[in-house]
Amino acid sequence: MICFFQASVGALYKIVCALLELEQSKARIWDHYEKSKNHILTNFDQTLEEAQLQMDQEILLEVQADEIWPSNLNTHPAGNEYALVPLEPSRSSITIAGGPTLSNGYSTGFGTHLLQGNNFSLPLRDADSDDILNNRSKVDSCGLTGLHNLGNTCFMNSAIQCLVHTPPVVEYFLKDYSEEINEENPLGMQETYITQLSAMLVQGELAIAFGELLRKLWSSGRTSIAPRAFKAKLARFAPQFSGYNQHDSQELLAFLLDGLHEDLNRVRKKPYIEARDADGRPDEEFADECWKNHKARNDSIIVDVCQGQYKSTLVCPVCGKVSVTFDPFMYLSLPLPSTVTRMMTVTVFSGDGSSLPMPFTVTLPKNGCCKDLIRALSASCCLKSSEALLFAEVYDHRIYRYLENPFESLSNIKDEEHIVAYRVPINHDKLLRLEIMHRRTDRFLSEPQFNVHRKLIGAPLVTYLPKGSITGANIHAAVSVVLAPLLRAKAFPPVNQVQFSKENGGGPSLDSIVLTDDGTCSSHKDISTSNMALEERANGPPSLQLALTDDKGASRTSIDTDSSIFPGSCIRVLMDWPVREHDLYDFSFLEDLPEVFKSGCMLKKTRQEAVTLFSCLETFLKEEPLGPDDMWYCPSCKEHRQATKKLDLWRLPEILVVHLKRFSYSRFLKNKLDTFVNFPVHNLDLGKYVKCRAVPRHSYVYELYAISNHYGGLGGGHYSAYAKLIEEDSWYHFDDSHVSPVNEHEIKTSAAYVLFYRRVEVDSKMSVEETSSSANSRSC
């Protein structure tokens, strides 16, 4: 059953008795709050608000039988007591003068039939106890009313305070908005109320509940109210917000804005509009068409003040197909720079013995691919034009796999893995790959004889040989080449004394191995000469114990210098390291490969530099590849592709809501970033980010007026809000039921989560350029 504010208790008796065809003298109504008989409603002249009934509570109807009231007997005979649930909703026009009158279209059929022209609604009790109600003090200014925390509802209170201090929203809901409630929108917040006599469909429930709450918050004489009625409506239409768990203020804000839009959508019947491509038309023409089509289906106060438009450009990485769309947005969700990038550490090995292994750490797009890793690492290690990088994952001292697909997603590489890169000839696909694994030999005394224990150690090495006749001497020499940088300084004479230079017939370096026009391999001499040079190299360093092996590292056949090798596409060699040879080399360079990312191994960070709101916006607008789970269907390729995406701002709204994405979630990690974001309070000038070339009708300069803050981490935390009373030019801190003034310089904190900006309107006599120029002269 539905009643409205300011109805008298006597009127409530009349409605109930008429519905159940009872004599009024034989019925009495109890306040049945929390299923407890609190007291009988006996003062027929009191309003329901004065009787302190609550939204959605039960009332108990007691019916006299044989001139006996069941409550006097302490019994509950069936049929003599009725619990009427619920008595609602909140839709009064009395609380704020000039509010909407809803008697014609939004009251029950039986209500208007029985009591013509009366509006009834249960009151929203303003506090949790009568003491608070009785001790409420007057305040000087409207809009300074707090919201009680009903149990982990600080997230809701924070979002509501920001929204109810949005000037055009306040102005709209303080006026008569009843004519704009959409009675035909199936997407609106509607509810069916069932009584014993009839069922009724009520539209616009969320908008009415929010409007009533806003009017209470802007009425005088209140310090705080308990938003139970609104919470009940919210839970009914968005079950994810039911109960008393902590939630995200931005998620609630997104639902609330969308719900208010659908409830207040001026479009009663949405037309079908077929989407069209740009077909080479100018962006301005296509953008206007997209916005017109959007407005043909979506037209509300929320669209008027909160929605903008951005341009989205997708490019297929295979065929180069370009797709341009213009889409509306309600808010901007800006990533913090550290949430869209990823640091990766890769150890680079030379394939020609020219340098020691060296780890490099590069920063890459989180949704990037191996091509991005190749590009970044090539620059970091100063890769020569004659070289290429061959990436591999090392597991258990073996090469587990090669990363040869440049479009493989970086998400396939986990932080705990070990990735290496080998500098190889650019034409390595025409050469013979030589993989070198290492095994240590330990001898220990075990009666009655010595036992030998062997295990794989270190990181495998990779080099390349010219295809042709391969001998054991060639392999010994190639292994010596890649091990040369590891030789300890005093172990052997300088390199030129053991004929390691090319002038004395040394083996080929990466630069010297080239392909001839006919596809054969040459090193500026013929292949046989190169292999003879490799044999000479074998006489320099210590003797090497080499054996052919498989990819598992199982030893098969020893390799002598005079052995003939019949290779396939790859030769895998296992090198045994007796104690003496092991001591001659600095093997530490091959041990303890760094993981791709391990925060515990990073150097202690200095104070983190402040991130600006502009850097967050530029990160949001930066071109980046789509994630592997968000691929785009290319109409030309007829396949899903990991396209690159670029966003541009095109049309900006009057109210700009900016969400800082402090929370990041993945299958392996949940995290909150407490990074301080330096955002302007005054004069947020977005002119250079708007790509529409048409003459703007509005300024691109914005002023901050509200902030939703989040303190703490993922496991728990607290929300509050800062909001500005525009007419006073004063800031206040809304911390649930507590409201206190705050200095403007105190509102910029690392807890800022959702920012609310309002556009600085342009004087008709002043151009946008002049406005931006004057804005830049003020401090932020």
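With the UniProt record's numbering, the residue at position 660 of the sequence shown is 660, and numbering never jumps.
Virtual Cβ for every residue (Gly too), placed ideally from N, Cα, C.
Here DSSP, grouped into helix, strand and coil, assigns residue 270 to coil.
When beta bridges are read from the DSSP output, residue 309 appears opposite 328, 651. In this structure, the straight-line span from the alpha carbon of residue 149 to that of residue 717 is close to 14 Å.
Segment contact: the stretch 321 to 334 against the stretch 730 to 737, fewer than three CB-CB distances shorter than 8 Å; contact not assigned. For residue 13, the enclosing alpha helix (DSSP H) starts and ends at 9 to 20. Look at residue 687 here: in three-state DSSP terms it is helix. Residue 548 is positioned such that its CB atom lies no closer than 8 Å to that of residue 438. Counting the other Cβ atoms within 10 Å of the Cβ of residue 488 gives fewer than 16, which makes it exposed.
Nearest to residue 739 by alpha-carbon distance, out of 726, 239, 720, 380, is 720. Take residue 559, set aside five residues on each side of it, and the residues of its chain with a beta-carbon closer than 8 Å to its own are 472, 475, 476, 546, 547, 548, 565, 573, in chain order.
Assignment of beta-bridge partners to residue 360 by DSSP yields 346.
In this structure, DSSP gives residue 481 a helical state, which the three-state scheme calls helix. Distance from the Cα of residue 333 is smallest, within the candidate group 755, 760, 41, 341, for 755. If the five residues before and after residue 17 are omitted, its C-beta is found closer than 8 Å to the C-beta atoms of 23, 24, 27, all from its own chain and listed in chain order.
By the neighbour-count criterion, in which a residue is buried when 16 or more other Cβ atoms sit within 10 angstroms of its Cβ, residue 379 is exposed.
For residue 731, DSSP records a beta bridge to 724, 742.
If you ignore the 5 residues before and after residue 615, its C-beta comes within less than 8 Å of the C-beta of 337, all in its own chain and listed in chain order.
Relative to the Cα of residue 326, the nearest Cα in the group 646, 242, 375, 20 belongs to 646.
For residue 250, no beta strand (DSSP E) encloses it; the enclosing alpha helix (DSSP H) starts and ends at 249 to 263. By the CB criterion at 8 Å, residue 225 and residue 216 fall inside the cutoff.
Leaving aside the five residues that flank residue 726 on each side, the residues in its chain whose CB is nearer than 7 Å to its CB run, in chain order, 167, 705. Apart from the 5 residues on each side of it in sequence, residue 654 sits with its Cβ closer than 8 Å to the Cβ of 168, 304, 305, 306, 698, 758, 759 in its chain, given in chain order.
A straight-line Cα-Cα distance of about 6 Å links residue 736 and residue 146.
Counting along the chain, no alpha helix (DSSP H) covers residue 422; the unbroken beta strand (DSSP E) around it starts and ends at 418 to 425.
As the crow flies, the alpha-carbon of residue 707 is around 14 Å from that of residue 682.
Taking each of 415, 398, 407 in turn and checking the Cα distance to residue 461, the smallest one comes out for 398.
DSSP places residue 154 within a helical segment (H, G or I) once states are collapsed to three.
Following the DSSP letters along the chain, one finds residue 291 inside the alpha helix (DSSP H) bounded by residues 283 to 297.
Residue environment analysis places residue 407 among the exposed positions, since fewer than 16 neighbouring C-beta atoms fall within 10 angstroms of its C-beta. Between the stretch 285 to 299 and the stretch 253 to 268, the count of C-beta pairs closer than 8 Å reaches three or more; the two stretches touch. Residue 245 and residue 156 have their C-alpha atoms roughly 11 Å apart. Under the Cβ criterion (8 Å, minimum of three pairs), the stretch 427 to 441 counts as touching the stretch 389 to 405. For residue 617, the enclosing alpha helix (DSSP H) stretches over residues 613 to 621.
Ranked by Cα distance from residue 275, the first of 283, 285, 265, 289 is 289.
In the displayed model, residue 659 falls within a strand according to three-state DSSP. Counting along the chain, the unbroken alpha helix (DSSP H) around residue 377 starts and ends at 370 to 380.
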